[in-house]
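So the sequences go chain by chain: H and C. The opening position of the first sequence corresponds to residue 1 in full-length UniProt numbering, with each subsequent residue numbered one higher. The opening position of the second sequence corresponds to residue 1 in full-length UniProt numbering, with each subsequent residue numbered one higher. Built from N, CA and C at the ideal position, the CB exists for glycine as well. Read the structure below first, then the notes.
Number of protein chains: 2
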Amino acid sequence: MADTTAAWEPVPRSRTFELVLARVEEQILAGNLRVGDRLPPERELVEMLGVSRAAVREALRVLEAQGVLRSRVGTGPESGTVIAAMPDAGLTQLLRLHIALANFPMDDVVEARATLERASARLAAGLVAGGGLDRIREPLLRMDDPALPREQFNDFDTEFHVAIAEAGGNRLMADMTVAVRNAVRHTLLTVFNRLEDDWERVAARLRAEHHAIYEAIAAGDVDAAGDLVEAHVRGFHQDIVKTVLGDSGSAGA
Amino acid sequence: MADTTAAWEPVPRSRTFELVLARVEEQILAGNLRVGDRLPPERELVEMLGVSRAAVREALRVLEAQGVLRSRVGTGPESGTVIAAMPDAGLTQLLRLHIALANFPMDDVVEARATLERASARLAAGLVAGGGLDRIREPLLRMDDPALPREQFNDFDTEFHVAIAEAGGNRLMADMTVAVRNAVRHTLLTVFNRLEDDWERVAARLRAEHHAIYEAIAAGDVDAAGDLVEAHVRGFHQDIVKTVLGDSGSAGA
DNA sequence: GAAAAGTGCTTGGTCTGACCAAGAAGTGGG
DNA sequence: CCCACTTCTTGGTCAGACCAAGCACTTTTC
């Protein structure tokens, strides 16, 4: 940022699709395009901007990857290119790859999870009147089924943490929490599947910790909820993930 | 997630570029592609995958937007399409648009900043031996110049917070912190520019708080550093931003 | 012989123009 | 009135062409 000394980077020679991107962003930043609005058809953008359709499409593709757009063919009200709002999809995808590239060591991811989920849990506990309790309890209870396959156990585990994040009422925090949690989903499933005799013991521990977290949130105990979640995330990785994966550090596939 | 009740979403009809995307991601997740590696030229991918060049390019464009790739023309060692590692660029861009779309109300952004920067400051204070202190002090001292234009004041302000985030040694936390901070950069500049007589008073307050934060980090006082940063972020928005922008709530352009 | 100028090839960037398929809306016959 | 057919719009895909950036190699020039 704002490095006064150097920053003589060669002027980023703008490619055509970047110009298109800039135009669309302008409209969004200026408030002329809001969630639900429809963009002109690709072919119209082509003549409006005087560029090829390929350039337009590459720009739209970028926005779609960021969760800003949603495209569908056809003519109906559901068709065309419309402004959407799915930041978590874009975030999840982005984090997933960068974690795999080991740009983000596993320890960093755990630290981020601990921070975000601690904060999310505190928010949730402070909003027990918000009505998100039911959505948290459902995956909690389903995980109690001892016959549950590990993959579904992992899914409900994810759902439990996601529900807490969303119960806090903060979309940005929730989306980041969800993205980080989803990014390690595959890694956790791998860990679960490698557990043999220990599986039941690990599952029991997770169930117990989840129940304790739920109780703290339901009781509106902000401090306890935050502390329990943080300990839950850190403890699980420290005691189990590192043991199973051999403390290799990276979060590879 | 894993909603057992419904989830009968229509099968996402895979578009060609998504197949290309999947293939590249496979290679990354499998560890066959690492940072610094070069992808085959677009034309080779075309015949390897049996798709058009447009499809390949759209896929590569998505990965580039996520900060996973970097493309340059020509033949030399710097050219071609290379696996890069610039998650913060992608993150910043993504958050910027979604904040502008008001998917994220300003209060949510402040909450996220407070959470992330608090955690980052605690990490930084715990790592004073890490050597990041100089990079934090430089923007701090530059901001003391009373003749500094407001735009540069804002730049150094950003740099100060970024330096703290990076001094913590956690790339993921730092990148998220930087992305969120950058996403509100324009908003803060607007606030600065609207201040008239109050400007000097506000600047003085920010300088004082920054100095206190720096001292806490330099002293390795983890708790104080975290508390001060959190109070700094929350206080600034509560006392100043909301006053100037009329408490409108959204973080629009 | 060495520096300078020119040539060729690889690579991403762009454009044109065409065709396909999904899907809503009109259209005609029963 | 209803069903089948056609039409038109829209995104998705493709093939083929040309441009410009750069590096590597050759030729020219002094």
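Within the same chain, no Cβ atom closer than 8 Å to the Cβ of C/E111 is found once the five residues on either side in sequence are excluded. Within the region 187-208 of chain C, no residue has its Cβ closer than 7 Å to any Cβ of chain H. If you check the CB distance, C/A100 and C/I164 do not come in under 8 Å. A buried status is given to H/P87, since no fewer than 16 other beta-carbon atoms sit within 10 Å of its beta-carbon. In chain order, Q66 make up the part of chain C whose C-beta sits under 8 Å from the C-beta of H/Q93.
Going by DSSP, C/V82 is part of the beta strand (DSSP E) stretching over 80-83.
Taking one beta carbon from each stretch, the region 197-213 of chain C and the region 198-205 of chain H have fewer than 3 pairs nearer than 8 Å; the two do not touch. Within 10 angstroms of the beta-carbon of H/R72 lie fewer than 16 other beta-carbons, which makes it exposed. Here the alpha carbons of C/I217 and C/A129 stand approximately 11 Å from one another. The beta carbon of H/D108 falls within 8 Å of a beta carbon belonging to chain C, placing the residue at that interface. Counting C-beta atoms within 10 angstroms of its own C-beta, C/E196 has fewer than 16 neighbours from the protein chains shown and is therefore classed as exposed. DSSP places C/L148 in the coil class of the three-state scheme, outside both helix and strand. Proximity to C/P40 across C/A59, C/E58, C/T81 peaks at C/T81, based on C-alpha coordinates.
In this structure, the CA atom of C/E18 is about 7 Å from the CA atom of C/A59. Interface flag for C/E42 against chain H is unset, since no Cβ pair is found closer than 8 Å. Beta-bridge pairing by DSSP links H/S71 to H/T81. Listed along the chain, the chain H residues whose CB falls inside 9 Å of the CB of C/I28 are L97, A100, L101, A253. If only uninterrupted beta strand (DSSP E) runs of at least 3 residues are considered, those enclosed by the region 79-114 of chain C are 80-83.
The C-beta of H/M48 has fewer than 16 other C-beta atoms within 10 Å across all chains shown, which makes the residue exposed. Chain-order list of chain C residues neighbouring H/G90: L94, by C-beta distance under 7 Å.
At least 8 Å separates the CB of C/A167 from every CB of chain H.
H/T115 belongs to the set of residues whose beta carbon lies under 8 Å from a beta carbon in chain C.
Residue state for C/R142 is assigned as helix, using DSSP reduced to three classes.
In this structure, C/A114 and C/A225 do not form a Cβ contact; the two beta carbons are roughly 13 Å apart against a cut-off of 8 Å.
The beta-carbon distance between H/L116 and H/T177, rounded to whole angstroms, is 5 Å. This is short enough to meet the 8 Å contact definition. For H/E151, the number of other beta carbons within 10 angstroms of its own is below 16, and it is reported as exposed.
A straight-line Cα-Cα distance of about 40 Å links H/F192 and H/E78. Under a 10 Å Cβ-count criterion, C/A22 is classified as exposed, with fewer than 16 other Cβ atoms of the shown protein chains found around its own Cβ.
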